[in-house]
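Undergrad: For reference, the structure I am asking about is given below.
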Amino acid sequence: MHPILFEIAGFPIYSFGLLVGAAFIAATALAAYRANRMGQSPEGMVEAACWIIASGILGARLCYFIFFPALFLEDPLGSLLSRGGLVWYGGMISVLATMGIIAKRKRIPFLLFLDIWAMPAALGLAIGRLGCLMAGCCFGAPCDLPWAVQYPAGHETFPTHVHPSPLYETLSLLVLMGLMNWHEKKEGHRVGHSSVWFLVGYGVIRFVGEYFRGDRLVWLQAVNLSASQVISLAGIVCGLLLLWIVSWGKTHPVNASKATSSSL
Numbered sequence: 001m002h003p004i005l006f007e008i009a010g011f012p013i014y015s016f017g018l019l020v021g022a023a024f025i026a027a028t029a030l031a032a033y034r035a036n037r038m039g040q041s042p043e044g045m046v047e048a049a050c051w052i053i054a055s056g057i058l059g060a061r062l063c064y065f066i067f068f069p070a071l072f073l074e075d076p077l078g079s080l081l082s083r084g085g086l087v088w089y090g091g092m093i094s095v096l097a098t099m100g101i102i103a104k105r106k107r108i109p110f111l112l113f114l115d116i117w118a119m120p121a122a123l124g125l126a127i128g129r130l131g132c133l134m135a136g137c138c139f140g141a142p143c144d145l146p147w148a149v150q151y152p153a154g155h156e157t158f159p160t161h162v163h164p165s166p167l168y169e170t171l172s173l174l175v176l177m178g179l180m181n182w183h184e185k186k187e188g189h190r191v192g193h194s195s196v197w198f199l200v201g202y203g204v205i206r207f208v209g210e211y212f213r214g215d216r217l218v219w220l221q222a223v224n225l226s227a228s229q230v231i232s233l234a235g236i237v238c239g240l241l242l243l244w245i246v247s248w249g250k251t252h253p254v255n256a257s258k259a260t261s262s263s264l
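Residue numbering for the sequence shown follows the working numbering, starting at 1 and increasing by one per position.
This is how it looks when you write it as structure tokens:
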């Protein structure tokens, strides 16, 4: 855990912010590359990325306040400007709405736009979770396995050893990226398929990963499911429904001459 990596002229450089910035740059670069392979403007993805990241942070913060309204009511301005308090699924919902608007304005089919960003989203999340590990948030449940981690004194889990849950998610997302890339190389890019992979794949990753979290917020007590797990199940269902639609609908490979040999 190293929330502050170093200081420049007394100004702290936070590991979480630095890695989130790296995630943004890497995801945008990959989206631009994929857009070019799919016959779309790579420059347009750079512009879209600015709106996507802004809406994602806003949605994630608002969703956090829905779950923990007392924190916002105690200090509205301070809580809005604080570094913590982000819920990924809140960000995803606002991002999807923003992407719908962008796709309409740029006259790009919505599913194609989602496909362009599906793999970059997995990459950005994988890098961002390393920031969580460094910052000490999204910490794991107690663990006695050889790879358990111990956060330093002052952290709420100290001196207990816990699962490195952010690292689990990073590794799982990299595996998901590999599977998505393998599928595109094997089948070519068919509209909607990359989105299906992300919705179902990340839904499973997050659903299972919640059981290793130490900050798990149980939402449905009767079935012991957290809020994130309920949303994960909804995402999986949406992904499977989308798979049915694209499998039985009139979807065709995009730029088939390129897509059959493309990767990433």
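We treat Cβ as the ideally placed atom computed from N, Cα and C, and that holds for glycine.
Model, not experiment: these values are computed from the prediction.
Can you tell me the Cα-Cα spacing of Val237 and Val204, whole angstroms?
TA: Looking up residue 237 in the sequence shown gives position 237. Looking up residue 204 in the sequence shown gives position 204. Approximately 11 Å between the Cα atoms of the pair.
Undergrad: Would you say the segment 109-128 touches the segment 162-181, given that touching needs at least three Cβ pairs under 8 Å?
TA: Segments in contact, yes.
Undergrad: For Trp147, report the span of its beta strand (DSSP E) as first-last.
TA: Mapped onto the sequence shown, residue 147 falls at position 147. Taken as a continuous stretch (DSSP letters only), Trp147 belongs to no beta strand (DSSP E), as it is neither H nor E.
Undergrad: In this structure, does DSSP put Gly188 in helix, strand or coil?
TA: Within the sequence shown, the letter at position 188 stands for residue 188. Reduced to three states, the DSSP call for Gly188 is coil.
Undergrad: Compute the Euclidean distance between the alpha carbons of Gly192 and Leu199, then round it to the nearest angstrom.
TA: As a working mapping, residue 192 is identified with position 192 in the sequence shown. As a working mapping, residue 199 is identified with position 199 in the sequence shown. Straight-line Cα distance between these residues: approximately 11 Å.
Undergrad: Terminal residues of the continuous beta strand (DSSP E) containing Ile116?
TA: Working through the sequence shown from its first residue, we reach residue 116 at position 116. That residue, Ile116, is in no beta strand (DSSP E); its alpha helix (DSSP H) goes Phe110 to Ala135.
Undergrad: Expressed to the nearest angstrom, what Euclidean distance is found between the alpha-carbon atoms of Met134 and Trp248?
TA: The residue labelled residue 134 in the question sits at position 134 within the sequence shown. The residue labelled residue 248 in the question sits at position 248 within the sequence shown. If you take the alpha carbons of Met134 and Trp248, they lie about 45 Å apart.
Undergrad: What did DSSP end up calling His183 once you bin it into helix, strand or coil?
TA: Here the question's residue 183 lines up with position 183 in the sequence shown. DSSP places His183 in helix when its eight states are reduced to three.
Undergrad: For Pro12, which residues from the same chain have a beta carbon less than 6 Å from its beta carbon, with the 5 sequence-adjacent residues on both sides left out?
TA: Counting from 1 along the sequence shown, the entry for residue 12 is found at position 12. So the list reads Ile4, once near-sequence residues are dropped.
Undergrad: Does the Cβ-Cβ distance between Ala27 and Pro166 come in under 7 Å?
TA: In the sequence shown, residue 27 corresponds to position 27, counting from 1. In the sequence shown, residue 166 corresponds to position 166, counting from 1. It is not a contact, given that the beta carbons lie outside the stated cut-off.
Undergrad: Using a threshold of 7 Å, state whether the C-beta atoms of Pro42 and Ala49 are closer than that.
TA: For the purposes of this step, residue 42 is taken as the residue at position 42 of the sequence shown. For the purposes of this step, residue 49 is taken as the residue at position 49 of the sequence shown. No; because the gap between Cβ atoms is not below 7 Å, this pair is not in contact.
Undergrad: Would you list the one or two residues that DSSP bridges to Phe11?
TA: For this step, residue 11 is matched to residue 11 along the sequence shown. Its beta-bridge partners are Ile8.
Undergrad: Helix, strand or coil for Gly203? Go by DSSP, reduced to three states.
TA: The residue labelled residue 203 in the question sits at position 203 within the sequence shown. Gly203: helix per DSSP, three-state reduction.
Undergrad: Count Cβ pairs between the segment 104-113 and the segment 14-28 that sit closer than 8 Å; are there 3 or more?
TA: No: the two stretches stay apart, fewer than three of their Cβ pairs being nearer than 8 Å.
Undergrad: Take every Cβ of the segment 201-217, pair it with every Cβ of the segment 137-144, and state whether three or more of those distances are shorter than 8 Å.
TA: Touching, yes.
Undergrad: Evaluate His2 with the Cβ neighbour count: other Cβ atoms within 10 Å of its Cβ, from every protein chain shown; 16 or more gives buried, anything less gives exposed.
TA: Reading the sequence shown from its first residue, position 2 is the one you call residue 2. Result: exposed.
Undergrad: Under a Cβ-count criterion, where at least 16 other Cβ atoms within 10 Å of its own Cβ denotes burial, should Val196 be classed as buried or exposed?
TA: If you number the sequence shown from 1, residue 196 lands on position 196. Label assigned to Val196: buried.
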